[in-house]
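In UniProt numbering, the protein residues as written are 1 to 156.
Cβ coordinates follow ideal geometry from the N, Cα and C atoms, glycine included.
Presented below is the structure to which this report refers.
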Amino acid sequence: MEFRQHFAEQQQQVVAHDSTAADHYEEIQPNAAPNWITSLEEELDKKVLVILRDGKNLIGMLRSFDQYGNLMLEGCVQRIVVNTFYNDIYQGALIIRGENILLFGAVDESKPSRLESRPLWEVLEMNEELEKRENRRRRNLRHLGDFLYGYDLPDE
């Protein structure tokens, strides 16, 4: 059954029961906001970790959000993590589109961190070396016939 037919049948049912469409708005029109967005209220004014679809890790104070999952973080830092080492790059206040969020969670500052802070240049060098190794691994897998794993690498 097509969506239009289903929607038309629901409207006819509302009219058939001698009631207004406003009385049955929730039955006709589903909620615009997913359920997880309402739970964001509990995290307001707390430190949160947001992982974006492009792999960036952002940590900051959650100050605001809307029905689309867009977030406003204050005092935000981008954390670059390589193995057990990290460095934070200050970003300030950020507005993050909800469609770019992969993972969201509260930061428990009472637990000790297992990560060790290192200078930015050192973490970036380690990250670059790790990416080179991963690209070599993907190329080797592609040459061995695993085309699905190495599809995004340029031919050299």
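{"Query": "Counted within 10 angstroms of its Cβ, other Cβ atoms place Asn-83 as buried (16 or more) or exposed", "Result": "exposed"}
{"Query": "Nearest candidate by alpha-carbon position, reference Asn-100, set Gly-145, Leu-71, Lys-132, His-143", "Result": "Leu-71"}
{"Query": "Asn-87 (DSSP reduced to helix, strand or coil)", "Result": "strand"}
{"Query": "For Leu-73 and Gly-60, believed in contact at Cβ under 8 Å, the rounded distance", "Result": "3 Å"}
{"Query": "Counterpart residues of Lys-47 in DSSP-defined beta bridges", "Result": "Met-61"}
{"Query": "Exposure of Asn-87, with buried meaning 16 or more beta-carbon neighbours within 10 Å", "Result": "buried"}
{"Query": "8 Å contact criterion, which Leu-120 and Ile-89 should meet: CB distance rounded", "Result": "7 Å"}
{"Query": "Inter-residue CB distance, Leu-44 and Val-81 (contact presumed, cutoff 8 Å)", "Result": "With a Cβ gap of about 26 Å, Leu-44 and Val-81 do not count as contacting."}
{"Query": "Terminal residues of the alpha helix (DSSP H) in which Arg-137 lies", "Result": "120-143"}
{"Query": "Beta carbon of Pro-48 nearer than 7 Å to that of Ala-106", "Result": "One point to set straight first is that residue 48 is Val, not Pro, in the sequence displayed. The answer is yes: Cβ separation under 7 Å."}
{"Query": "Leu-58, buried or exposed, once every other Cβ within 10 Å from all chains shown has been counted against 16", "Result": "buried"}
{"Query": "Proximity test, Arg-118 beta-carbon vs the ligand SAH heavy atom, cut-off 6 Å", "Result": "With respect to the ligand SAH, the structure shown offers nothing to examine, as it has no ligands at all."}
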